[in-house]
Amino acid sequence: MSTETEYSFVPLWGRGGYLLAEEPIEIVRGTREEWERLRAAYLAHAGSDPTASAGGLMGSVSFAGDFRFGIYRRWRRSPAPWQEQSWLRRRPKRPPPPRRLPPAFSRTGRERFVAMVRQAQEYIRSGDIYVVNLARRLRWELSADPFRLWECLLAQDRPAGRGFLKTESGWLLAASPELFLRIRGRRIETRPIKGTLARPAGAQAGSPVALRENPKERAELLMVTDVERNDLGRICRFGTVRVARFAAIARHARLWHLYSSVHGLLRPEVDPVTALFACLPGGSITGAPKRRAAEILSQLEPEPRGLYTGIFGYIAFTGEAAFTMTIRSLEVSSESVSLAVGSGITIDSNPEAEYEETCLKAKAGEEALRLYVTGGTAVRG
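Mapping of the sequence shown onto this note's numbering: residues 22 to 402, in sequence order.
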């Protein structure tokens, strides 16, 4: 089995660094309806080795629930996997990038996205939903070196949810700011993001008052936080679910976000795989009520989301787990690179402003591609 096809790393979220895994003993694939297969693979090894390097499952789940996980006997922690010499020596040779970035293609331009927002607001007025996340995808015809491009993406920002994974069709180059689930012992946490504000170049650290006090953004976060409380309430011990933080500020290179932190204690019979699929898809990238919002966005969006707004991460055989929301991430195939971006829609949304928000969220990915084709210096630290 080649190192190229199965070298992956994911963030530890709060433990510092990353888990680096190579050469899985098996790949487990399936649809959402087949999630018990993944659970069986986990239970077959769970508790077999209590050490941190014991290994586990590492992989991704798409928005629709299709999963791909490698089973690893061992893995190890690394502060900077992209600097690992074992990988750098064996990186595949790829053709040089083109001299110019080809134009982006999207089935959802400004006019269509604005129309989608207005249709979503009609569903809100009729009482079907309260908030929904709508997305659009950009695609470039480009055969890229996935690892080099990921380094260029890292040069734009360094959010906690950085990862590099093999997928069914290529590679996932992740630079996500959102923690979907983290399990330590019986404690589970989710940290939904809602609310976005552009961060001017050179802005100092601190909380932008305009974002924290924006009624539309706070209402959006409140509704999604309630969805996540409900999700955790179905798998946690009664009375243990609480909102530890609400409307906290996360600062990134180009923007600020609002987020909440919701905690609970898992019921004794709930294992990490069961907890994961009980909470999918995430509330922050669907809406409220979640199931109806997911139906509506699937009707309005012109193409399937694929890995976008799914999740990636790991479940250790010790029971520890951490999963990141797949947003702000590039998907690389042999012939193209794509980037999907979205925005939360409420009754108070300005359709044009929501489109501009998707453009703001796409900037890091677009700049990474420009850096890649111009041969600029990518951050390695």
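Every residue, glycine too, gets a C-beta built ideally from N, C-alpha and C.
Starting from residue i, follow the beta strand (DSSP E) in both directions and report where the run begins and ends.
| i | result |
| --- | --- |
| R89 | F88 to Y93 |
| Y144 | Here Y144 belongs to no beta strand (DSSP E); instead the alpha helix (DSSP H) covers R131 to R146. |
| S164 | Element bounds for S164: n/a, residue is neither H nor E. |
| Y335 | I332 to A337 |
| V262 | That residue, V262, is in no beta strand (DSSP E); it is neither H nor E in DSSP. |
| W56 | That residue, W56, is in no beta strand (DSSP E); its alpha helix (DSSP H) goes W56 to L64. |
| A231 | No beta strand (DSSP E) holds A231; the alpha helix (DSSP H) holding it covers V230 to R233. |
| E98 | Correcting the residue type first, residue 98 is Arg in the shown sequence and not Glu. Its beta strand (DSSP E) spans residues R97 to S99. |
| A219 | I214 to A219 |
| W103 | First-last for W103: undefined, no H or E at that position. |
| S197 | W192 to S197 |
| R203 | L200 to R205 |
| A42 | Y39 to A42 |
| T345 | A342 to M346 |
| T211 | R208 to T211 |
| A361 | S357 to I366 |
| R183 | G182 to K187 |
In angstroms with no decimal places, state the Cα-to-Cα distance between residue i and residue j.
| i | j | result |
| --- | --- | --- |
| T261 | R53 | 28 Å |
| R258 | A343 | 20 Å |
| T217 | V135 | 18 Å |
| N251 | S164 | 43 Å |
| V230 | G254 | 32 Å |
| Q140 | A125 | 25 Å |
| R263 | S370 | 29 Å |
| M22 | W34 | Reliability of the predicted coordinates at M22 is poor, the pLDDT of 33 falling under 50, and the value obtained from them is presented with this limitation in mind. Rounded to the nearest angstrom, the two C-alpha atoms are 29 Å apart. |
| L243 | I46 | 43 Å |
| F333 | S81 | 4 Å |
| T24 | K187 | Model confidence at T24 stands at a pLDDT of 41, short of 50, so the residue's coordinates are unreliable; what they give is reported in the following sentence. Taking the straight line joining both Cα atoms gives about 11 Å. |
| G38 | I348 | 20 Å |
| A176 | Y28 | 21 Å |
| F194 | W171 | The sequence as given places Leu at residue 194; Phe does not occur at that position. Going by the C-alpha atoms only, they are around 6 Å apart. |
| L40 | E373 | 40 Å |
| T395 | W161 | 15 Å |
| A219 | H66 | 45 Å |
| A309 | V245 | 7 Å |
| A383 | E377 | 10 Å |
| S355 | C300 | 32 Å |
| L59 | R120 | 44 Å |
Give me the Cβ distance between residue i and residue j, rounded to the nearest whole Å; I'm assuming they're in contact under 8 Å.
| i | j | result |
| --- | --- | --- |
| G182 | P198 | 6 Å |
| F84 | T330 | 5 Å |
| E249 | T211 | 5 Å |
| R205 | E324 | Not really, about 37 Å apart at Cβ, beyond 8 Å. |
| L286 | R208 | 6 Å |
| F201 | T345 | 6 Å |
| Y393 | R169 | 7 Å |
| L360 | G386 | 4 Å |
| G191 | V353 | 5 Å |
Between the Cα of residue i and those of the options, spot the shortest distance and give me the residue it belongs to.
| i | options | result |
| --- | --- | --- |
| R239 | R205, F267, S357 and G80 | F267 |
| L122 | E375, V358 and S364 | V358 |
| A265 | F185, V283 and R98 | V283 |
| M137 | S319, E241 and G191 | S319 |
| E234 | H278, L253 and E249 | H278 |
| I92 | A42, S127, R120 and G68 | A42 |
| A389 | C173, G206 and A383 | C173 |
| E322 | K237, R391, I270 and R157 | R157 |
| S305 | K384, A361 and K215 | K215 |
| S350 | A196, D292, R208 and A61 | A196 |
| R97 | P118, W171, T367 and R36 | R36 |
| L159 | C380, F185, T395 and R95 | C380 |
| M79 | E44, P213 and I145 | E44 |
| V31 | I336, E387 and D87 | I336 |
| Y280 | A269, E290 and P289 | A269 |
| T367 | E189, W56, K237 and G130 | K237 |
| A20 | P221, V362 and D292 | Look at the range of the chain in this structure, 22 to 402, and you will see that residue 20 is not part of it. |
| R94 | R60, I48, G86 and P119 | I48 |
| T90 | A361, P102, A101 and G77 | According to the sequence as given, residue 90 is Phe; it is not Thr. The shortest C-alpha separation from F90 is found at G77. |
| S364 | L155, E55 and R50 | L155 |
| G68 | G86, T339 and E189 | T339 |
| I145 | E241, A383 and P289 | E241 |
| W56 | E341, F88 and L64 | F88 |
| E375 | R131, P100 and R50 | R131 |
| D247 | P213, S99, R203 and P116 | P213 |
Tell me the residue span of the alpha helix (DSSP H) that contains residue i.
| i | result |
| --- | --- |
| L11 | Residue numbering for the chain in the displayed model covers 22 to 402; residue 11 lies beyond these limits and cannot be assessed. |
| T246 | P236 to G254 |
| W34 | No alpha helix (DSSP H) holds W34; DSSP gives it neither H nor E. |
| S305 | That residue, S305, is in no alpha helix (DSSP H); it is neither H nor E in DSSP. |
| E486 | What is shown of the chain runs 22 to 402, which leaves residue 486 out entirely. |
| L122 | It is not in any alpha helix (DSSP H) - L122 carries neither H nor E in the DSSP assignment. |
| R288 | That residue, R288, is in no alpha helix (DSSP H); it is neither H nor E in DSSP. |
| I317 | K311 to L321 |
Flag residue i as yes if its beta-carbon sits less than 9 Å from any beta-carbon of chain B, otherwise no.
| i | result |
| --- | --- |
| E43 | Judged by its chain identifiers, the structure shown contains no chain B, having just a single protein chain. |
Is there contact here, the segment 98–107 with the segment 137–152, by at least three beta-carbon pairs under 8 Å? Not touching, per the Cβ criterion.
Should the segment 310–324 be called in touch with the segment 270–283, which here means at least 3 C-beta pairs below 8 Å? Short answer: they don't touch.
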